[in-house]
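The structure appears below as structure tokens.
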Amino acid sequence: MARFTIPRDVYYGPNAIEELKVLKGHKKAIIVSGSNFMIENQSLEKLTNVLKENGMQVQLFDRVESNPMISTVYRGAEVMRNYEPDVIVALGGGSPTDAAKAMWVFYENPELKFDDIKTPFSLPKLRKKAIFVAIGTTSGTATEVTSFSVITDDETKIKHPIADFEITPDIAIVDTEIPLSMPKKLTADSGMDAITHAVEAYVATAHTDLTDCLAIKAVQMVFENLVDSYNGSAEARKNVHVGQNLAGMSFSNALLGIVHSLAHKVGVVYGVTHGRCNAIMLPYVIEYNRAVAEDRFADIARALGLSGATNKQLTNSLIEAIKKLNGQLGIPLSYQAAGVDEKTFLDTIDTLTEAAVGDPCTLFNPRETKFENMKRVLTCSYYGTDVNF
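Take the sequence shown: its letters are residues -7 to 381, numbered as in the working numbering.
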């Protein structure tokens, strides 16, 4: 038997944030947010007004950093315990929402520590004190519909994914007006994150018919609209925002693979955003996984209308199409080209590789991956060399 879990309600389209009138009857909301992007596009003000019009008290926990730290999560949970909200509203991209999910766990279970929740699908029951609402402001992570949260260790700078259906939001808002003001680089990086989610979900060992159809539709919507979105098309940007949400529904249930295992570990150390890490690494991991999943990659290529008479040719076309797309978005094709210092790479490769092998996403990669092969994939993605093993 397989399980498929998404938020109870997903409101999407222009001004979907107004649908939070359904929260009428709740008393206290805490909004968890991050950078100036949300403030500048007036989403925070609009959200606050909607909640107050419902008769709710509102408190803000803002300035969650990119790659949120465990210390930030603990601090936010303490604020929640003092304020006692019955609704937690995450407003932002992956960082604020991931942080808010983890805060929620510790708000309701103050006796726990971070080490207690690292094991996938081991969380206690939530919703004893609050429900969770997530509003995505970027078009990539789809954390507004997923059972994942990624938190960074303050000391090691290694990211740790929390995976459990308990942290799937109760309500997701996919407001297609919000991402219209995203900067170009964020549009590129987050869009490639979404494509990686869809591709990895389609070949992951836990994929099902339900996740497959979402992954294929997602990769079509994002792939076909991302360049136009990057170049400023409002309609394309709206399509990408919906497409990334479908990818999130897919990977939250099918899970991911070693693109994410590696990206979770190298991003902060290399100083490269998560979406850009995925974009750089995706072609190399497809090359690596094609030994066992070439038929699945060929399906994706066919869905995108790429050329090829055989699975091998179609997979080659998919790899080249992703590289071309990266180029159109100004994304380099290797970590070295992205400016990662070679000494940093050599000094950290063993530690990062070992951490990536232990990442939960590695378990669902279509090709079993031990330390040596993981290290070789990372090496290829650093220098831009072919994966031929």
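The beta carbon of each residue, even a glycine, is placed where N, CA and C say it ideally should be.
Per the coordinates, the alpha-carbon of K121 lies some 48 Å from the alpha-carbon of K316. Membership of D185 in any beta strand (DSSP E) is not indicated; the residue belongs instead to the alpha helix (DSSP H) covering 176 to 195. The straight-line gap separating the alpha-carbon atoms of S25 and M241 is approximately 22 Å. Sixteen is the threshold: since fewer than 16 other Cβ atoms of the shown chains lie within 10 Å of the Cβ of E334, the residue is exposed. Closest in C-alpha terms to A134, from the list M184, E103, T336, comes M184. Cβ atoms of V42 and F53 stay farther apart than 8 Å, at about 18 Å. Counting along the chain, D167 sits inside the beta strand (DSSP E) bounded by residues 163 to 167. Each residue's CA atom was taken as its position, placing L298 and F98 some 47 Å apart.
With fewer than three CB-CB distances shorter than 8 Å, the region 169 to 182 does not count as touching the region 136 to 155. Close CB contacts of V260 within its chain, under the 8 Å cut and outside five residues either way in sequence, are with N59, T144, K149, I150, K151 (chain order).
Counting only the Cα atoms, E37 lies some 15 Å from D167. Under the three-pair Cβ rule at 8 Å, the region 156 to 167 counts as touching the region -1 to 17. In the DSSP assignment, V50 is bridged to A21. Leaving aside the five residues that flank A293 on each side, the residues in its chain whose CB is nearer than 8 Å to its CB run, in chain order, G300, L306, T307, S309, L310, A313.
Relative to the Cα of K19, the nearest Cα in the group R368, I250, C205, D78 belongs to D78. A residue is called buried when at least 16 other Cβ atoms come within 10 angstroms of its Cβ; C372 meets this threshold and is buried.
Listed as beta-bridge partners of P77 by DSSP are no residues whatsoever.
DSSP, reduced to helix, strand and coil, places I127 within a strand of the structure shown. For the pair G17 and V234, the Cα-to-Cα distance works out to about 29 Å. Burial of C353 is indicated by the presence of at least 16 other C-beta atoms within 10 angstroms of its C-beta. Between the region 335 to 350 and the region 178 to 194 there are fewer than three C-beta pairs closer than 8 Å, too few to call the two in contact. When the beta-carbon positions are compared, V369 and V277 come within less than 8 Å of each other.
For N74, the number of other beta carbons within 10 angstroms of its own is below 16, and it is reported as exposed.
One thing to note: P161 has its Cβ within 8 Å of the Cβ of A126. Nearest neighbour of K110 by Cα position, chosen from P102, F140, I123, turns out to be F140.
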